[in-house]
Structure formats: C-alpha cells, structure tokens
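Structure record follows, encoded as structure tokens.
Right under this line is the structure:
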C-alpha cells in the first residue's frame, strides 16, 4: 500500500498540488484556530490561577465573609486556637489609582500583617527599595507595587489611590513580586485607616498544625454567622467555572473551521476520485480489491490530515504566542483582566487537536473512499459505471435530525451546553446526509420529456447523483452555517440594542466605579446627589448603588443593584410576567442568570445578605419578576434604592442617572458637576449614546470572528460547487463531445451547465436556509441561555439572508458557468476518441 | 449534384501536415468506405466534413452548403439537422435509456416523435429494448442503438468512424448489415471510416486516404 500510495496518489498530488494544498490548509486552519484558542485560554487561566495563588498564599483554610469583610476581633480568637499554627489577616480592596496622565486605573490593594504573611503568603511580602527604611513594610503611608503596577505607573515615588470620593496619596517604598493585574501591598493598619476598614478584615489565612483535621478545626473555631471557612483556590475555580462556557464557545467556533476543513477534504477527494475513476477501475481490474481502494483513499485523506494538523499545530502555537503578546490572553470575554500570561504549550492538547485534524480529514474522505470502494471496475472502464455511491440507507439523515431536535431539549452539562452543540452538529450532519434523498426527491419531481437540455441534465443528475449531492451539500453546509451565525448575531445584537434602550433611559450618567467589586471603595460623596439635583438644567436624579454579594462559594459573586425602580414594567427589561408586590416583603427583580444558577424564580423569596446587617441575618425579598441583564453573566438582583438604604443603612451611591431639562447641553451639566466633585478625576460621565456606541462596538468586535467564519464557510461551499462542476464537466467530456457532434451549440452547452449550476445551487441554498434557521434557533434559544444564562429574541434578518442567498446563487451559477466553458471548448469533440 | 462534395481539402496541425488535396464526391444512397493507416487523418477528415474541425485548404459542400463558410453556431444547427454519427466507442449516454438516447436528435430538433423512435428501433432489431439502460446491453446492441440514433432524424449524410472497431467479426457483420441497410433505406449517404477490409466490402466504393490525397483502394 505505501508503494501504491507513493506511485498512484503521489502522481495525483503532483498533478493537482494547489487543490490538495487548499484542503490541507483548511485542515491546518481549523487545527490552528482550535489549538490557539485552547493554548490562549489555558495559559490565561493558568496565569490567573497562579496570580490568585500568590495573593492567597499557602493557607490550609481561608476565613471569608461578604465583600465588606468581618470583625477583626475574630483574628484574636482563631490565632490562639491550639490547632492553628499560624493566622494571617488580610484586607483586599478593589479601587483605582491615578496614573501620570490623571486617568483612573483599576488596582487591587492588599493590606497585610508582614509578620504573619511572611510565612503564609511569601508572594505578598514587600521588598523595600534601596534607601527605604527597613520598617517601611509597617509604615501605614507606604505602598509596594507589583510588576504590573510598576509597568503601569512607572517609577512614581507616590501613588494616588481612590478611597470613597477622595484620593489618598501614598508613598511608593518598594516592590512586591505578585503576579497578575496591577496591585499594591501595604500594611494592614494603613489599609484599614485609609480605606475606611477600621476594625474589619477581608479574610484570615490559617495554617494548621501538622495532623490537624480540617473539619474538626472549623468546628472548633465556632465561626460567627456570615463567616465561612473557604477552600484555598476556590476563587480560581469560580473564574474557571464562570469563563468555561465562553471558552468552550470559542473552541466550538474554532472547530467549525475544522468542520469546514473536513468538507473541503471531502470536495477535493470526491473530485479526485471522480477524475481517477478509470484509473481506480483499472487498479480494480488488476486486482486491487474494493476494500483496498477504500483504504487507499482514506490513507490519502489521513495524509492530508496529518500534514494539515502538523502545520496547524505549529500555526496555532505561533498564533497563541502572538495573541498572548498582543491581547494579553483576553479573547473578548474579559474574564482575565490584567493578566499577561506566557505561553504554556501542552503536548496533550497538541495530541488531541492534531488527532481531531486527522479525524476531520478522514471523515471528509470517507464518502469518496466509499465511492472508490463501491465502483464496478469493469463497468467503469467501459465508461458505463454508476456513481459508485452505493445504496445508502435513507434513515441516518432523518435520524440525525431527530437526534438534533431531542438533544436541543437536553440541559447543559457542567454549565456547558454540550448537548446543544451536539444538537447543532446532528442538525448540520443530518441536513447534509439528507441531501442525496432531497436531491432524489427533487429529481423525482422533475421529469422533462421534450427539452433535450433539461432531459440531459436531469437524467445525468439522476444517474450521477453523488455529483449533484456534492454541489448541493457544499451549499447546504456553508449556507446553513452562514445563516445560523447571521441570525444568531442579528438576534443578539437586536436584543442588546433594545436592552440598552430600556436600561439607559436617562440623558446623562455619572459613574464612580466601573466594576461591582470596586463599588465599596469608589463611591460618590454623601450629599453629592442633592448637590447634583440642584444643578441648573437637571430635572431628575436617580442614584444607584452596587454591591457584590457572594451567595454561593462555588459561583462568582452576584451584583446587587439598588436604584429607584418605580414602575418595573417600564423601567426594567422584564422577561415574562410581573407579579404583584406582597405585603411585608420588599421586592426584588432577578436577572435570568439568577434563575438558572440559583433556582430563584418569581413568586419565591430570595435571601440576600445585605451589607450593614448583623452577620447571618439575610433579608428576605419577594422575587416579582425576571429581567434581562446582558452585562452580568454571573447574576444580578435589582432592588429599590430606598429599600436598600432602609435595610442596610448604607447610603453610599456609585452612579447617578440624570434627566435634563429640554435644551440643556450635557457638556455644561458635566462641567458644573465636575466642579462640585471633590476630585473631578474620580467620576466619569457618559451619555446613553456613548454607552450604546461603546457597547455595540465591543459586541461587534466580539463577534467579528463569526463574520470571518461565515466568509470561510461560504468560500468552502463555493469550492465544493466548483469541485463538483469541474468533476462533472470532466466526467461529461465524452457526453459534451457527442452532443457537439449531434449539433449542440457552444451556447447550448454553456446554458445546460450554468442552468444545472443555478438549479443545484438554488436547491442547496433553499435547503441550507432551512437548516440554518433550525440551527440558529438552537444557538439562540438553547446554546446562549445555557452558556451565558440570558435569553434573546429571535430576529431573522430577511434582507441580509436574501443578500446572502443571492450572493451564493450568483457565485454558484458563475462557478458552474466557468466550469462549463471547459465543456464548451472546441476541442471537446476530440473527447469522443478518448478511451478515458 | 453530389450530396457531399469535398474539394482540395488540406489539414495540418501546426507545422505537421495531416493530408492534402482530398477530393471526394458522394451521391445520395451511396456508401463509401475510407481505409487508411492509423494516424493518416481518417477521423480528422470526418470532423472536417462535419465542421467540427477547421480546414487549412479546400472546401466541404453538403447538398450545396459550404460548411466552412457557416458560423460555428450555424454549423452546429446544420449538423443537428443533416448529419448522423456513429463512433467506434458507441457513445451511448449511460444515464439515458435506449429510447431516450435514440430520441436525442429529434429532441434537439424539437420534433419529438415516439412513432419514429419505435420504427427505427425496430429497424435495428431493438424494438423490445427501448426502456433498457445502456449498461445492460452488449457492445453490438449498443452500436445498434448508436446507429438508430444516427438515423432517427433522417439525416442526409451519416459519418461512421470505425463503427465495428470494438466488435467481434460476427457482431460487426450484423451491425454493418443494419447500418448499410438503413442508410440505403433512408436514401442517405455514408462515409464509413474503417481499418477493416471486411467492413469495406459493404460499401459501394472503397477509397484509401493518404497524406497526398484520396485514391481508390485497389490502386
């Protein structure tokens, strides 16, 4: 077989190097994209986890509470426990620092007790700069910058950090070897004093004495309500869980490229087998069995797969290295802020994705190989061979479609819509597998009797059905993918646009904290709301408070948003019914993610550990409705600001929404408000137009890859058409030669080939459109809610689909026409003298 | 007036001359066999007569029409109406039934005629084979389908290129019998290119094609 592969297949490769190179590169592209996504995500996650480990140290147990921390007196209690070898209190604060240009930069402040942290969290230990005091680590005015902060703030001797609505200028006294995003370390007492944490700590890290039982120790600690013993690495797990669906989605998108690559291999090998039918028939006559012909073609596809995979793995590694350098490992999800990971090559992942590439190529080569196996050599030698496709069972196609329908109803596995992806795969494959039957049905309906051109085309297609199948399947595969992605992106974009309309009702927004985690540190000064309300031109001011709440240690913290709700039916993008308020319970409106992640639902009560309450005394809310929140995948709850302030005693405010009097210039209002602010640099302004433009720009950037994938899919479909019609024209040389003898004109030949192209492309496009719409429903109604816990309304952009349809039709017909010009060449008459 | 009149025909491929000074006249109902060595240009001569190949010198006139002067499109239409072809390799379209293959010239002329198809199939002895697919036929049967197709539209001239080249002698005799009988019955003329002396015996005249012209076979 190797000799035959070298002699027979090598000759084919040498004869058509570009065609095979295209198939090989498509496999390489699919493998490269998938492998690069895997490497980037794995590297970013690993780096992020490593940074978290640096921060969290080497504790056996972490005592944690909600974001506002807990009473520091617990430290005195746990530190003296006999089973506790070491206890280290830590304060974690997310805030902002001003850079040299006066821009706010997110930064994490870690307050440590240097004496205990040295043993438990060595990565947090400051390194005083040359010339600094040995006791600088205990100086409440000194901060130490990690490498990311040093890079961001340069060799600054002082750093201005936001605390509430004011800035705290602290002295930079050295560095700290902490990985990850910009962070500063300082003495815990200094952090408490500067950031309003007096008497509180964020966590206490514990190291147990050797042999101590974790559960026994936790029980002995008798932790107060609201404080829990967390597992080190828990936060890494949370970010891994939160980002998993996004990472899997990206990988699946990359694998779509591999699927199209498999289809290209199919097209190339189907064309190659059609062209080599006489040679394969001769080999058959000379004694090469059907099974050996099958193996020969499969070996060809496997070789394409191996070569493509190797190139893909190399390319993917390079692509990942470049992406990590340029994009810092953030592929659009924003899950790993500030992380600048280094590439972590994985031989296992390389083996998996390389094998996927080979498997895709072999899958693509399967049908052509079966064609080679099933051909009747003697008949084929005489030019009387059938299409060699054999009698296929009619059931796999409908069975796959039915399986796709059933799988689309299955729940996610581990937060990832595995079944829904399988449903999409089943639908796509089922649709393509149904193509021969669809073509047969179409041909059954067509029975021209008097038009010779139509008769020739239809009878030819009926007899050589696999050629038509290749052309139609190419269009079906590519158009269905393109249609599915178009509908999904259009639906999502439309839903996001309408959501923005609802959540941005005001004329101007004032913001102190960009993230929920910084909302406790970066807030607007008391009395500021009233001051702003008095600004000329301001008609109404709504204040908003954001709080981060940890409801489940395994999940990312949710966002509690408190603002004047008014009439929720108008002020919130509600999904489903709005229940009436129940007497005695304050109202809460949950995001869709709360339903799927926490099983919260309208009519049920929801216990929220509001800040400022006695620990362990959560407040019960009545869930009155569900709203759509595209900004917080981890879940959010909206309550009325008055309820929040009454129940928590927390009157801090993070954002303001301003309604301006008609004719008021937002710029003038901004200027006046900046003058009112104690630190103008600490507040940001945005108009709904700005926020909408930024949001949609981010959206479009995130989905840019899907447009690219659509283009690739359509190009591959057209390649399938080109391959199919080229194969047909080659196989029909004698037929066209005969027809020239019988008096068919060149225009007749071109007409018949182009018309066939148009008919098959139209059939494929119609089938692809239907299949694409079905797949888009799974993407919109199943994959997205299961991945990101939000729903969207289906929007079918008929105009864009019509353009896509027309473009594919035109391209298919032109491709067939170009192939037909070969058939209309004058020397085609010589084909009647060809033996093969 | 001769049905086919070839005068001073010359053909070359680039610098390589194929033949020159070919003269040939055929009357209606006449069958002429053209013998010649391989590569002498027998098939090319048929293509030139049919307007399927260009000529470098001379002219071809069929029933007074100068083929070489017709535009390509008109040549195709002329072939469609007035010529019939029989090939060595049959060239029966495998995806059409026997009747559909035979009907093809009539369909091209937009003159579907089931009666004529049945008639010509009966004439070649395939009256029971109309619905059969070519892959179920023997070589001799397929060549008879090709002859039926060549004659179904009552062409004035039949060009047969080695029609028995792929057949055993006994089958070849039967096929030639059918061809000659039907050509004569239709009042058509036939140029029969062949290597076979035995086949040539069926013709009214036997000529030999050489590089320098057409000569009588016994000269």
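Residue numbers (this note's numbering), protein chains in the order written: chain D, 1 to 836; chain X, 1 to 219. Just so you know, even glycine gets a beta-carbon here, dropped at the ideal spot from N, CA and C.
Would you verify that the beta carbon of residue i is, or is not, closer than 8 Å to some beta carbon of chain X?
i	result
residue 837 (chain D)	Within the shown structure, residues of chain D are numbered from 1 to 836, placing residue 837 (chain D) beyond reach of any answer.
residue 450 (chain D)	yes
residue 446 (chain D)	no
residue 460 (chain D)	yes
residue 463 (chain D)	yes
residue 282 (chain D)	no
residue 298 (chain D)	no
residue 443 (chain D)	no
residue 455 (chain D)	yes
Below 8 Å on the Cβ atoms is my contact criterion, and I expect residue i with residue j to pass it. Report the Cβ-Cβ distance as a whole number of Å.
i	j	result
residue 589 (chain D)	residue 545 (chain D)	Incorrect: roughly 15 Å between the Cβ atoms, too far for contact.
residue 474 (chain D)	residue 434 (chain D)	The Cβ separation is near 15 Å, so there is no contact.
residue 126 (chain X)	residue 143 (chain X)	Not quite, the Cβ-Cβ distance comes to about 11 Å (not below 8 Å), so this is no contact.
residue 179 (chain X)	residue 155 (chain X)	Residue 179 (chain X) to residue 155 (chain X), Cβ: 13 Å. No contact.
residue 38 (chain D)	residue 349 (chain D)	5 Å
residue 506 (chain D)	residue 627 (chain D)	Rounded, the Cβ-Cβ distance is 17 Å, inconsistent with contact.
residue 120 (chain D)	residue 207 (chain D)	6 Å
Determine which residues share a DSSP beta bridge with residue i and list them.
i	result
residue 591 (chain D)	D:627
residue 106 (chain D)	D:96
residue 144 (chain D)	D:174, D:185
residue 48 (chain X)	Looking at the DSSP assignment, residue 48 (chain X) forms no beta bridge with any residue, so it has no partner.
residue 413 (chain D)	D:416
Do we get a CB-CB distance below 8 Å when we pair residue i with the residues of chain D?
i	result
residue 216 (chain X)	no
residue 30 (chain X)	no
residue 100 (chain X)	yes
residue 107 (chain X)	yes
residue 96 (chain X)	yes
residue 12 (chain X)	no
residue 160 (chain X)	no
residue 76 (chain X)	yes
residue 50 (chain X)	yes
residue 93 (chain X)	yes
residue 9 (chain X)	no
residue 80 (chain X)	yes
residue 104 (chain X)	yes
Roughly how many angstroms separate the alpha carbons of residue i and residue j, rounded to a whole number?
i	j	result
residue 783 (chain D)	residue 482 (chain D)	17 Å
residue 12 (chain D)	residue 300 (chain D)	10 Å
residue 63 (chain X)	residue 1 (chain X)	8 Å
residue 575 (chain D)	residue 256 (chain D)	32 Å
residue 710 (chain D)	residue 703 (chain D)	11 Å
residue 289 (chain D)	residue 437 (chain D)	28 Å
residue 455 (chain D)	residue 419 (chain D)	45 Å
residue 139 (chain X)	residue 47 (chain X)	24 Å
residue 220 (chain X)	residue 149 (chain X)	There is simply no residue 220 (chain X) to check, as chain X begins at 1 and stops at 219 in what is shown.
residue 654 (chain D)	residue 611 (chain D)	15 Å
residue 83 (chain D)	residue 215 (chain D)	11 Å
residue 286 (chain D)	residue 280 (chain D)	10 Å
residue 277 (chain D)	residue 373 (chain D)	11 Å
residue 7 (chain D)	residue 173 (chain X)	43 Å
residue 313 (chain D)	residue 28 (chain D)	8 Å
Which chain B residues sit within Cβ distance under 8 Å of residue i?
i	result
residue 212 (chain X)	Protein chains D and X are contained in the structure displayed, whereas chain B is not.
Please list the residues of the region 122-150 of chain X that have a C-beta atom closer than 7 Å to any C-beta atom in chain D, keeping them in chain order. If the cut-off is 7 Å between Cβ atoms, the region 122-150 of chain X has 134, 135 near chain D.
Near-chain X residues of the region 726-753 of chain D (beta-carbon distance less than 9 Å), N- to C-terminal order: Within the region 726-753 of chain D, the qualifying residues are 734, 735, 737, 738, 739, 740, 741, 742, 743, 744, 745, 746, 747, 748.
Taking a cut of 7 Å between CB atoms, which residues from the region 109-121 of chain X lie near chain D? For the region 109-121 of chain X, the set of residues with a beta-carbon nearer than 7 Å to any beta-carbon of chain D comprises 112, in chain order.
Give me the subset of the region 59-72 of chain X whose CB atoms are less than 8 Å from a CB atom of chain D, sorted by chain position. Taking 8 Å as the Cβ-Cβ cut-off against chain D, the residues of the region 59-72 of chain X that qualify are 72.
Please identify, using Cβ separations under 7 Å, the residues of the region 176-199 of chain X that lie next to chain D, in order along the chain. Of all residues in the region 176-199 of chain X, none is placed with a Cβ closer than 7 Å to any Cβ belonging to chain D.
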